[in-house]
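Q:
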Amino acid sequence: MSRESMEFDVVVVGAGPAGLAAAIRLRQRAAEAGAELSVCVVEKGSEVGAHLLSGAVLDPRALSELLPDWKEAGAPLNTPATRDRFVLLTRRHAIPLPTPPQMRNDGNTIISLGNLARWLAGKAEEMGVEIFPGFAATEVLYDEAGAVAGVATGDLGLNKDGTPGPNHQPGVELRARQTLFGEGCRGSLTKELFARFGLGAGCEPQTYGIGVKELWEVEPARHRAGEVMHTVGWPLDHGTYGGSFLYHLEDNQVAVGFVVGLDYTNPYLSPFEEMQRFKTHPAIRGVFEGGRRISYGSRALTEGGYQSVPKLSFPGGALIGCGAGFMNVPRIKGIHNAMKSGMVAAESVFDLLTAGAALAPAVAPTTTSSPAAAASHQPAGSNESTPSPAAGSREAREAREARDYRSRLDATWLMKELRAVRNIRPGFHLGLLPGLAYAAIDTYVLRGRAPWTLGHRKDHETLTPMARSRPIDYPKPDGKLTFDRLSSVFVSNTNHGENQPCHLKLADPTRAIDVNHAVYGAPETRYCPAAVYEIVESNGPKLVINAQNCVHCKTCDIKDPTQNITWVPPEGGGGPNYPNM
8 MSRESMEFDV VVVGAGPAGL AAAIRLRQRA AEAGAELSVC VVEKGSEVGA HLLSGAVLDP
68 RALSELLPDW KEAGAPLNTP ATRDRFVLLT RRHAIPLPTP PQMRNDGNTI ISLGNLARWL
128 AGKAEEMGVE IFPGFAATEV LYDEAGAVAG VATGDLGLNK DGTPGPNHQP GVELRARQTL
188 FGEGCRGSLT KELFARFGLG AGCEPQTYGI GVKELWEVEP ARHRAGEVMH TVGWPLDHGT
248 YGGSFLYHLE DNQVAVGFVV GLDYTNPYLS PFEEMQRFKT HPAIRGVFEG GRRISYGSRA
308 LTEGGYQSVP KLSFPGGALI GCGAGFMNVP RIKGIHNAMK SGMVAAESVF DLLTAGAALA
368 PAVAPTTTSS PAAAASHQPA GSNESTPSPA AGSREAREAR EARDYRSRLD ATWLMKELRA
428 VRNIRPGFHL GLLPGLAYAA IDTYVLRGRA PWTLGHRKDH ETLTPMARSR PIDYPKPDGK
488 LTFDRLSSVF VSNTNHGENQ PCHLKLADPT RAIDVNHAVY GAPETRYCPA AVYEIVESNG
548 PKLVINAQNC VHCKTCDIKD PTQNITWVPP EGGGGPNYPN M
């Protein structure tokens with residue numbers, strides 16, 4: 008069965024803060040210029056915000072640039088940060104530390120990222136952006152010159168073996184003159200683009216963390232609206248990077264989360280269990296006494312910073328948001344940077360399209376356009392009388408790249424902010440206390456102007472064999488303060504069709520036993536926060552993949568020691584359904 012095709016000027020992959028900011032800015036520029044510009048956003052979650060998870064404390068700088076009237080327009084920024092606390096935990100004590108300037112939150116707001124994205128999506132639709140939730144982009148389309156020409160969504164209704172089922176619906180080709188990829192951390196299409204266009208050449212390897220988060224409703228007497236608390240130290244050993252956050256939102260809700268750097272070395276470590284153990288600390292557990300857990304989720308995040316930002320543009324498209332690595336780790340913030348990157352990319356792409364440099368069709372459609380396609384239009388800047396390079400030529404390919412995107416970005420506060428803190432995260436390779444000392448020197452003495460730039464390691468290369476590692480004994484959950492993985496997945500509202508193909512692909516199934524299990528003790532059974540992977544004994548050990556539990560954190564794709572696991576999108580609409588995470 009052939010696929011239908013729809014044409015747009017710009018397709019944005021991912022309805023996160025970067026993608027929505029880009030879509031809004033594109034439509035703003037079109038309105039200012041009196042130009043026609045069709046913009047589509049495709050989102051794999053069942054609705055906008057369903058797959059979004061962050062702390063989150065928002066620096067509203069980018070939002071104010073994008074929509075200056077956001078307060079009057081009712082943006083869901085309801086809990087201003089009123090107090091900062093930074094604490095070093097030992098097993099029994101909590102030692103207050105001076106709050107570093109990067110972590111001070113004057114003027115910032117505690118938010119739900121999902122709720123902010125839903126609000127931004129409404130604004131985008133008011134401006135004429137088309138948003139398609141529930142459709143996973145699974146394939147990058149290329150033209151005959153090798154430039155990106157859009158994306159295709161995945162088929163629906165496939166059987167486990169990949170054959171069409173009785174309710175099969177083929178995917179749809181969303182063809183575009185420019186495609187912006189805002190998939191978030193470790194996007195599957197972004198990985199393909201890295202390999203095809205060599206985007207990672209000339210920069211440090213990306214390094215990642217895994218964040219595990221719960222949302223609680225606590226007793227009013229224990230709630231302190233606007234309080235922002237971060238901790239380092241226990242329960243992690245001093246050689247492992249990580250820490251916690253507790254954010255007191257509105258309505259007696261508290262967001263609690265724990266982040267572990269995925270460059271950790273001990274294969275026995277479980278980020279999920281570290282999060283549960285953290286809540287039992289004498290200085291922490293009182294917040295949750297008498298409360299109840301509302302929701303749970305987990306997501307990987309990019310921590311590489313300035314030196315790990317890749318080449319951002321390529322013929323036919325660009326990277327935006329967390330997938331490109333714009334998180335400011337010392338500030339523990341990335342939303343404002345993601346939005347800014349989307350806005351700058353939108354400016355560059357709009358100018359490219361309207362300047363006539365991308366007049367050649369992205370690619371001739373191979374199927375009849377969908378009757379529902381709102382893109383039966385003449386794309387922006389098209390002019391039949393204007394000559395264009397031959398479709399398959401190198402000139403045509405290069406003419407479709409927004410080459411000035413990076414230079415524009417370098418001129419903004421975003422890259423200046425990242426450059427100033429570039430050495431703080433890799434400084435923790437020395438350990439917790441030396442890392443804190445170096446961060447203080449870099450911040451207060453060098454002021455971010457060190458004449459050197461520290462590098463990163465590849466996270467999948469850092470595990471030590473289990474024979475040389477210390478086992479970790481985690482306490483059993485009590486079901487009140489601490490929980491197991493399966494009950495946690497339940498409150499993430501995760502759902503996948505059980506008869507679809509497994510979206511967690513093993514390049515070599517034997518490696519899961521011969522290397523992962525034999526050498527590292529099956530670390531995927533511990534770094535996965537959703538009980539997706541388990542080892543069962545049936546005439547020898549066997550890896551079982553419970554793909555229906557997956558919360559789309561992407562940790563397995565990052566941390567697997569032989570890079571044997573590849574995460575690909577399941578059917579659109581599957582996965583977690585976070586209400587306000």
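Be aware that the sequence shown starts at 8, since it is given in this note's numbering, and climbs by one per residue. For each residue, glycine too, the CB sits at the ideal point set by N, CA and C.
#1: Could you spell out where the beta strand (DSSP E) holding arginine 182 opens and where it closes?
#2: Rounded to the nearest angstrom, what separates serine 545 and threonine 97 at their Cα positions?
#3: In three-state terms, what does DSSP make of valine 294?
#4: Hey, which unbroken runs of the beta strand (DSSP E) at 3 residues or more fall wholly within the region 248-329?
#5: Alpha helix (DSSP H) containing glutamate 424: first to last residue?
#6: Taking just the CA atoms, how far does histidine 58 sit from glycine 580?
#7: Buried or exposed for glycine 388, going by 16 or more other Cβ atoms inside 10 Å?
#8: Look at the Cβ atom of proline 548, then the Cβ atom of arginine 492, and state whether they are nearer than 8 Å.
#9: List the residues that DSSP assigns as beta-bridge partners of isoleucine 102.
#10: Comparing C-alpha positions only, which one of Gly293, Asn344, Ala28, Thr145 sits nearest to methionine 134?
#11: Between the Cα of proline 75 and those of Ser53, Lys130, Val336, spot the shortest distance and give me the residue it belongs to.
#12: Is the CB of cysteine 509 under 8 Å away from at least one CB in chain D?
#13: Decide if the region 222-237 is in contact with the region 254-263; the criterion is three or more beta carbon pairs, one per stretch, under 8 Å apart.
#14: DSSP beta-bridge partners for arginine 231?
#15: Hey, could you find the ends of the beta strand (DSSP E) asparagine 174 is sitting in?
#16: Assuming contact is defined by CB atoms lying nearer than 8 Å, are arginine 193 and alanine 352 in contact in what I supplied?
#17: Could you work out which residue in Leu65, Leu95, Ala446, Val522 is closest to leucine 84 when comparing CA atoms only?
#18: Please name the residue, chosen from Ser302, Gly486, Val49, Pro577, that lies closest to asparagine 500 on a Cα-to-Cα basis.
#19: Locate the beta strand (DSSP E) running through tryptophan 223, then write down its first and last residues.
#20: Quick check: the Cα distance between isoleucine 102 and threonine 197, rounded to an integer number of angstroms?
#21: With a threshold of 7 Å on Cβ separation, who are the neighbours of tyrosine 149 within its own chain once the five nearest residues in sequence on each side are excluded?
#22: Are the CB atoms of alanine 325 and alanine 403 nearer to each other than 8 Å?
#23: Nearest to tyrosine 527 by alpha carbon, out of Leu513, Arg475, Glu224, Leu269?
#24: Kindly indicate which three-state DSSP category histidine 503 falls into: helix, strand or coil?
#25: How would you call tryptophan 459, buried or exposed, if buried means at least 16 neighbouring beta carbons within 10 angstroms?
#26: Touching or not, the region 554-566 and the region 111-130, by the rule of three or more beta carbon pairs under 8 Å?
#27: Can you list, in chain order, the stretches of the beta strand (DSSP E) that have 3 or more residues and sit fully within the region 476-540?
#28: Evaluate the contact criterion for the region 507-522 versus the region 465-484: three or more CB pairs, one atom per stretch, below 8 Å.
#29: Report yes or no: do three or more beta-carbon pairs, one from the region 81-95 and one from the region 42-61, lie closer than 8 Å?
#30: If I'm right that valine 20 touches threonine 186 with Cβ under 8 Å, what's the distance once you round it to whole angstroms?
#31: Rounded to whole angstroms, what's the CA-CA distance from isoleucine 572 to valine 522? Just pull it up for me.
#32: Round the Cβ separation of glycine 191 and cysteine 47 to the nearest angstrom and send it over; I've been treating them as touching at under 8 Å.
#33: Just checking, does the region 279-291 make contact with the region 258-269 on the three C-beta pairs under 8 Å criterion?
#34: Pick from Gly141, Ser495, Leu276: whose alpha carbon is nearest that of arginine 477?
#35: Rounded to whole angstroms, what is the Cα-Cα separation between glutamine 176 and alanine 144?
#36: Are the CB atoms of glutamate 211 and proline 242 nearer to each other than 8 Å?
A: Taking the geometry as given:
#1: Counting along the chain, the beta strand (DSSP E) containing arginine 182 begins and ends at 179-188.
#2: Going by the C-alpha atoms only, they are around 42 Å apart.
#3: Three-state DSSP puts valine 294 in a helix.
#4: Contiguous beta strand (DSSP E) elements confined to the region 248-329 occur at 249-255, 260-268, 299-309, 324-326, taking only those with 3 or more residues.
#5: Following the DSSP letters along the chain, one finds glutamate 424 inside the alpha helix (DSSP H) bounded by residues 420-427.
#6: Approximately 10 Å between the Cα atoms of the pair.
#7: Note that glycine 388 scores 44 on pLDDT, short of 50, meaning its location in the model is unreliable and no value can be drawn from it.
#8: Cβ distance not < 8 Å, so proline 548 and arginine 492 don't count as in contact.
#9: Leu95, per the DSSP bridge assignment.
#10: Minimum Cα-Cα distance from methionine 134 among the listed residues Gly293, Asn344, Ala28, Thr145 corresponds to Ala28.
#11: The option with the nearest alpha carbon to proline 75 is Lys130.
#12: Considering every chain present, this structure includes no chain D. It has just one protein chain.
#13: Proximity of the region 222-237 to the region 254-263 meets the contact definition, three or more beta-carbon pairs being nearer than 8 Å.
#14: Answer is none; arginine 231 lacks a bridge partner.
#15: Here the beta strand (DSSP E) through asparagine 174 covers 171-176.
#16: Against a cut-off of 8 Å, the Cβ pair of alanine 352 and arginine 193 comes out as no contact.
#17: Residue Leu65 is the option with its Cα nearest to leucine 84.
#18: For asparagine 500, the closest alpha carbon among the candidates Ser302, Gly486, Val49, Pro577 is that of Ser302.
#19: Its beta strand (DSSP E) spans residues 215-224.
#20: Per the coordinates, the alpha-carbon of isoleucine 102 lies some 41 Å from the alpha-carbon of threonine 197.
#21: Excluding residues within five positions, the ones whose Cβ falls inside 7 Å are Val155, Ala156.
#22: Judged by beta-carbon spacing, alanine 403 lies beyond the 8 Å limit of alanine 325, meaning their Cβ atoms are not closer than that value.
#23: When only C-alpha atoms are compared, the closest one is Arg475.
#24: Secondary structure of histidine 503 (DSSP, three-state): coil.
#25: Result: exposed.
#26: No, the region 554-566 does not touch the region 111-130.
#27: Listed in chain order, they are 511-513.
#28: No: fewer than three Cβ pairs fall under 8 Å.
#29: The region 81-95 is not in contact with the region 42-61.
#30: Going by Cβ atoms, the distance from valine 20 to threonine 186 rounds to 7 Å, so yes, they are a contact pair.
#31: Going by the C-alpha atoms only, they are around 13 Å apart.
#32: With a beta-carbon spacing of about 18 Å, glycine 191 and cysteine 47 fall beyond the 8 Å limit used to define contacts.
#33: When C-beta atoms of the region 279-291 are compared with those of the region 258-269, three or more pairs fall below 8 Å, so the two segments count as touching.
#34: For the residues Gly141, Ser495, Leu276, the minimum Cα distance to arginine 477 belongs to Leu276.
#35: Roughly 14 Å separates the two Cα atoms.
#36: Contact check for glutamate 211 against proline 242 fails: the beta carbons are separated by 8 Å or more.
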